[in-house]
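The next block holds one structure in the form of structure tokens; read it before the comments.
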């Protein structure tokens with residue numbers, strides 16, 4: 001039986017994605033080791049389109065919700081972005097020591113074997129029963145936001161949802177208007193967004209983003 005120590009420091013943990021994984025960067029963020037799923041909106045720039053990717057950590061799988069399925073070129077663009085995520089995320093997880101600073105090895109396992117296993121690309125599934133937008137609409141962002149809501153409430157099977165885009169659009173418009181009104185009345189400002197400060201995942205005060213580069 002053997003052990004191996006923490007992964008050697010890597011520039012990956014100093015990048016924004018590394019900060020997100022460790023629970024920093026935005027005020028509502030938490031460390032990924034405290035959750036089961038990670039919600040990732042993805043902009044498929046080649047198609048001028050937004051999709052939702054849900055990273056199920058325990059299954060090492062990306063579930064892809066696309067409101068505009070179909071078309072050879074579009075499908076290729078989506079898959080290219082998803083495959084990039086599937087390759088990149090495990091490398092960031094290893095670099096940020098997500099899997100723990102020490103691991104007990106048994107049998108013929110070695111540190112190299114385990115690191116290779118954790119760094120292998122993730123699997124991915126295109127969710128075929130995702131509600132579909134009209135082909136002539138630009139509602140991908142609306143659909144992505146709504147799907148984020150469903151998934152955040154543990155509704156992963158969206159096949160039986162009666163999706164009415166106009167209702168969601170009106171509701172989001174009302175919510176945004178009310179949010180802006182409250183901020184204006186309270187003279188509030190989102191300083192973490194305005195100054196690019198990062199918020200401690202433990203609820204502490206905002207600190208400069210450079211201060212966490214070596215945490």
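Numbering (full-length UniProt numbering), first residue to last: 1 to 215.
Ideal placement from N, C-alpha and C gives every residue a C-beta, glycine not left out.
Reduced DSSP secondary structure (H/G/I, E/B, other) of residue 134: coil
Residue 158 beta carbon less than 7 Å from that of residue 164: no
Under 7 Å between C-beta atoms of residue 47 and residue 74: yes
Residue 83 versus residue 142 - alpha carbon distance: 24 Å
From 134, 161, 136, 137, residue whose alpha carbon lies closest to that of residue 146: 161
Rounded separation between residue 16 and residue 23 - CA only: 11 Å
Burial state of residue 34 (16 or more Cβ within 10 Å): exposed
Spatially closest choice to residue 166 from 178, 139, 18, by CA coordinates: 139
Residue range of the beta strand (DSSP E) that includes residue 37: 37 to 44
Option nearest residue 52 by Cα separation, candidates 176, 152, 180: 152
Separation of residue 183 from residue 175, as counted between CA atoms: 12 Å
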